[in-house]
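The numbering used here puts the first residue of the sequence shown at 17, with every later residue one more than the last. Glycine included, each C-beta is placed from N, C-alpha and C at the ideal position. As the structure is a prediction and not an experimental result, all values here were calculated from the model. Read the structure below first, then the notes.
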Amino acid sequence: MPFIYGSPDKCMITMKRVDTSPKGLFDPYYVPKYLLHRDRDLETIDGIYTDSYYDEYGVNCLVHGITGVGSTVFSRYFLTRLVPERFDAYTIYCDVKNKDLLEIISELNEKIHYEAKKPVTFTFDLDVMWLDFKRTARSSSKRTVFVLDNIDERSEEVYAKIAQLSKEINASTIGVLNSHDYRLLTKSHARSMAYDFEIALDTYTQSQLYDIVRLRVEETFSQGLTDDIIRYITDCVVEFDASKPKTSIEALRVLWPLARKGKEIDSDAVRAATADIIPFGQDQDYLDIIDTISMNDFMTLIVLECLAEHLMRFKTETYIDRNTLDEIVQIKCEELDIRYVIDDIYRSLQTLIFQSVIFESKHSRNLLYILVPPEILYDAAVSLRRELARRK
Numbered sequence: 017m018p019f020i021y022g023s024p025d026k027c028m029i030t031m032k033r034v035d036t037s038p039k040g041l042f043d044p045y046y047v048p049k050y051l052l053h054r055d056r057d058l059e060t061i062d063g064i065y066t067d068s069y070y071d072e073y074g075v076n077c078l079v080h081g082i083t084g085v086g087s088t089v090f091s092r093y094f095l096t097r098l099v100p101e102r103f104d105a106y107t108i109y110c111d112v113k114n115k116d117l118l119e120i121i122s123e124l125n126e127k128i129h130y131e132a133k134k135p136v137t138f139t140f141d142l143d144v145m146w147l148d149f150k151r152t153a154r155s156s157s158k159r160t161v162f163v164l165d166n167i168d169e170r171s172e173e174v175y176a177k178i179a180q181l182s183k184e185i186n187a188s189t190i191g192v193l194n195s196h197d198y199r200l201l202t203k204s205h206a207r208s209m210a211y212d213f214e215i216a217l218d219t220y221t222q223s224q225l226y227d228i229v230r231l232r233v234e235e236t237f238s239q240g241l242t243d244d245i246i247r248y249i250t251d252c253v254v255e256f257d258a259s260k261p262k263t264s265i266e267a268l269r270v271l272w273p274l275a276r277k278g279k280e281i282d283s284d285a286v287r288a289a290t291a292d293i294i295p296f297g298q299d300q301d302y303l304d305i306i307d308t309i310s311m312n313d314f315m316t317l318i319v320l321e322c323l324a325e326h327l328m329r330f331k332t333e334t335y336i337d338r339n340t341l342d343e344i345v346q347i348k349c350e351e352l353d354i355r356y357v358i359d360d361i362y363r364s365l366q367t368l369i370f371q372s373v374i375f376e377s378k379h380s381r382n383l384l385y386i387l388v389p390p391e392i393l394y395d396a397a398v399s400l401r402r403e404l405a406r407r408k
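This is the structure:
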C-alpha cells in the first residue's frame with residue numbers, strides 16, 4: 017500500500033487543552049503529524065531511498081534551503097515518519113551545529129551502539145572512537161539511515177566520512193544545511209563529497225504558509241485563533257521574512273502565553289509578537305513620512321485617519337476592506353463638508369501603500385492592514401489635517 021502524504025484537508029485535529037508548553041512551539045526538534053506542501057520532495061527522497069534499500073546499495077543526499085524554511089523538519093519527518101513505515105532500518109539523527117569532531121563522532125558512536133544493543137567503549141581518542149563506530153556500523157544487523165543536521169564548513173569533513181562509509185556498508189546518509197553553506201561547500205569540495213543528489217526546499221507561498229500556521233495552531237492552542245489573526249501573522253511573515261514557517265512559529269510562541277491565560281488575541285498582540293521580524297521605524301519616522309506624502313493633500317490624511325480610527329475602534333479586526341473604508345471616508349467628507357471623489361480616495365490609498373504605511377493582504381488586495389499601532393497613525397493624520405486647515 018503506497019504511503020499517503022500530508023495534505024491540507026487532513027489537518028483538522030481535535031484540540032485539547034494544553035497545560036504545559038506545547039512541543040509544537042517550543043521543541044526545536046518537533047515533527048508535525050503531517051508535513052504540508054512538501055509532497056513532491058517527500059516523493060523524491062522516499063523513492064530514491066526505497067530503491068536503495070531493496071537493491072541494497074548506499075545513497076547519500078544533501079537537503080538545503082534558506083534558514084527557517086524547514087530543512088530540519090523535512091529531514092526529521094522522513095527519518096521518524098516515513099522510514100519506520102517503509103523500512104526495517106536503524107535511524108540515527110545528529111545535530112552537528114557548534115560541535116567539534118570529537119563530539120560528533122562520540123554522539124554517532126553512542127547512538128549506533130544503542131541501536132545495535134552493544135556496549136560502547138568510552139574513550140577520548142578520536143581514532144579509536146572512529147574505528148569503533150565503523151566496526152559497529154559495518155556489523156549491524158540492519159541497514160542504517162544517518163541524518164547530519166546543520167552542516168557547515170566546520171563539519172563538512174564529518175559528513176564526507178559518514179557518506180563514504182555509507183557507500184561501503186550500503187547505508188544511507190542525509191546532510192542538512194542552509195543554502196548559503198551549500199554553495200560554499202559544493203564550490204570547493206563537491207567532487208570529493210560522496211553525495212548522489214540534492215533536494216532544494218523552496219520557500220512557501222502565502223496560502224501554503226497559512227495552512228502551516230493553521231495546523232500548528234490547531235495542534236498547540238487549546239482555544240484556537242481566528243482565521244483573521246492567523247492570516248495577519250502570515251501576511252506579516254510573507255511581507256518581511258520570505259515565507260518561512262520558523263518566523264510564524266516564533267510569533268505563535270509569543271502569543272501562546274496570552275491564549276493560555278484566556279486573553280483575547282487581537283491585532284495589537286500580533287503586532288507585538290511580530291515586532292522582531294518587521295522593520296518598524298520610530299514614531300517620528302512615520303510622522304515624517306505622513307507629513308511628506310500629505311503635503312497640501314487633505315484627502316490622503318482623511319483616508320489614513322478613517323482607516324486608523326476604524327482599527328482603533330474595532331480591536332479584533334485586523335483588516336479593513338476597501339468598500340468599508342470608502343464608506344467611512346464618504347461619511348467623514350460629509351461631516352467636514354468636503355467634496356467626495358472616489359478617484360481621489362484611490363489615489364491617496366495607493367500613495368499610502370507605496371510608502372509602506374498601509375499594506376495589502378497577500379490573500380486578497382481588497383483587505384488592508386497596518387503594522388504600527390493605529391493610534392500613531394491616527395494622531396499624525398488628525399494633527400496634520402488640522403494644521404493644513406489652519407493654513408488655509
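Fill in: Range covered by the alpha helix (DSSP H) that runs through V75
Residue 75 sits at position 59 when you count from the first residue of the sequence shown. Here V75 belongs to no alpha helix (DSSP H); instead the beta strand (DSSP E) covers 75-81.
Worksheet item: So, helix, strand or coil for V319, using DSSP?
Response: Residue mapping note: residue 319 aligns to position 303 of the sequence shown, counting from 1. In this structure, DSSP gives V319 a helical state, which the three-state scheme calls helix.
Discussion item. On the DSSP letters alone, give me the boundaries of the beta strand (DSSP E) that A216 sits inside.
Written reply: Taking the first residue of the sequence shown as 1, we reach residue 216 at position 200. A216 -> beta strand (DSSP E) spans 213-216.
Practice prompt. Look at the alpha carbon of E59 and the alpha carbon of S264, and state the distance between them as a whole number of angstroms.
Written response: On the sequence shown, residue 59 is found 43 positions in, with the first residue counted as 1. On the sequence shown, residue 264 is found 248 positions in, with the first residue counted as 1. Across the structure, E59 and S264 are spaced so that their CA atoms are roughly 26 Å apart.
Discussion item. Please state the DSSP three-state secondary structure of Q335.
Written reply: Locating residue 335 in the sequence shown gives position 319, where the first residue counts as 1. In the sequence as presented, Gln is not what sits at residue 335; that position holds Tyr. Note: Y335 maps to coil in three-state DSSP.
Worksheet item: Quick check: the segment 168-175 against the segment 141-160, are there 3 or more CB pairs under 8 Å?
Response: no
Discussion item. Under DSSP, the alpha helix (DSSP H) around Y69 begins and ends at which residues?
Written reply: One-based indexing of the sequence shown puts residue 69 at position 53. Per DSSP, Y69 belongs to the alpha helix (DSSP H) from 55-71.
Fill in: Through-space distance from L320 to I61, alpha-carbon basis
Numbered from 1 along the sequence shown, position 45 holds the residue referred to as residue 61. Numbered from 1 along the sequence shown, position 304 holds the residue referred to as residue 320. Each residue's alpha carbon lies about 51 Å from the other.
Worksheet item: Sorted by chain position, which residues of the same chain lie with C-beta nearer than 6 Å to K260's C-beta, five sequence neighbours on each side aside?
Response: Locating residue 260 in the sequence shown gives position 244, where the first residue counts as 1. The answer, listed in chain order, is G84, V85.
Worksheet item: Is the segment 112-120 in contact with the segment 163-171, if contact means three or more CB pairs nearer than 8 Å?
Response: yes
Discussion item. Taking the alpha-carbon of E333 as reference, which of L384, H53, L225, K262 has the nearest alpha-carbon?
Written reply: Indexing the sequence shown from 1 puts residue 333 at position 317. Nearest C-alpha to E333: L384.
Worksheet entry | Residue(s) in a DSSP beta bridge with Y46 | Reading the sequence shown from its first residue, position 30 is the one you call residue 46. None; Y46 has no bridge partner.
Practice prompt. Quick one: residues in its chain with C-beta nearer than 8 Å to the C-beta of R207, no 5 flanking neighbours on either side, listed in chain order?
Written response: Numbered from 1 along the sequence shown, position 191 holds the residue referred to as residue 207. In this predicted model, R207 has a pLDDT of only 47, less than 50, meaning its place in the structure is not dependable; the value taken from the coordinates is given anyway. So no residue of the chain qualifies.
Worksheet item: Which of helix, strand or coil does DSSP assign to L384?
Response: Indexing the sequence shown from 1 puts residue 384 at position 368. Of the three classes helix, strand and coil, the one that applies to L384 here is strand, per DSSP.
Practice prompt. Excluding the 5 residues preceding and the 5 following C110 in the sequence, name in chain order all residues of the same chain whose CB lies nearer than 8 Å to its CB.
Written response: Taking the sequence shown and counting its residues from 1, the one referred to as residue 110 is at position 94. I120, E123, L124, K127, F162, V163, L164, D165, listed in sequence order.
Worksheet entry | Beta-carbon proximity of R287 to V144, cut-off 9 Å | Here residue 287 refers to the residue found at position 271 when the sequence shown is read from its first residue. Here residue 144 refers to the residue found at position 128 when the sequence shown is read from its first residue. Not in contact: R287 and V144 (Cβ atoms no closer than 9 Å).
Practice prompt. Reducing DSSP to helix, strand and coil, say where R402 ends up.
Written response: In the sequence shown, counting from the first residue as 1, residue 402 sits at position 386. Here R402 sits in helix by DSSP.
Practice prompt. Determine the direct distance from the alpha carbon of A267 to that of T242, and round the result to whole angstroms.
Written response: Residue mapping note: residue 242 aligns to position 226 of the sequence shown, counting from 1. Residue mapping note: residue 267 aligns to position 251 of the sequence shown, counting from 1. Distance from the CA of T242 to the CA of A267, rounded to the nearest whole angstrom, comes to 15 Å.
Fill in: Inter-residue spacing [alpha-carbon to alpha-carbon] between R232 and P38
On the sequence shown, position 216 is the one that residue 232 refers to. On the sequence shown, position 22 is the one that residue 38 refers to. One C-alpha to the other measures close to 10 Å.
Worksheet item: Sorted by chain position, which residues of the same chain lie with C-beta nearer than 8 Å to E391's C-beta, five sequence neighbours on each side aside?
Response: As a first step, residue 391 is located in the sequence shown; it is residue number 375 there, counting from the start. Non-local C-beta neighbours of E391 in its own chain, meaning closer than 8 Å and more than five positions away in sequence, comprise A324, M328, ordered along the chain.
Worksheet entry | Local conformation of R230 per DSSP, three classes | Counted from its first residue, the sequence shown places residue 230 at position 214. Note: R230 maps to helix in three-state DSSP.
Worksheet item: In whole angstroms, what separates the C-alpha of I167 from that of D284?
Response: In the sequence shown, counting from the first residue as 1, residue 167 sits at position 151. In the sequence shown, counting from the first residue as 1, residue 284 sits at position 268. Approximately 39 Å, taken between the alpha carbons.
Fill in: The beta strand (DSSP E) enclosing L193, as first and last residue numbers
Within the sequence shown, numbered from 1, the residue matching residue 193 stands at position 177. Residues 188-194.
Discussion item. Taking 6 Å as the limit between beta carbons, can you name the residues of its chain near S364, skipping five residues before and five after?
Written reply: For the purposes of this step, residue 364 is taken as the residue at position 348 of the sequence shown. Counting only Cβ-Cβ distances below 6 Å, and skipping sequence neighbours, we find M315, T316, V319.
Worksheet item: Sorry if obvious, but does the Cβ on G278 come closer than 8 Å to a heavy atom of the ligand HEM?
Response: The model depicted lacks the ligand HEM and carries no ligand whatsoever.
Worksheet item: Any idea if A187 is buried or exposed, counting beta-carbon neighbours within 10 angstroms, 16 or more meaning buried?
Response: Taking the sequence shown and counting its residues from 1, one reaches residue 187 at position 171. Classification of A187: buried, given that the 10 Å Cβ count is 16 or more.
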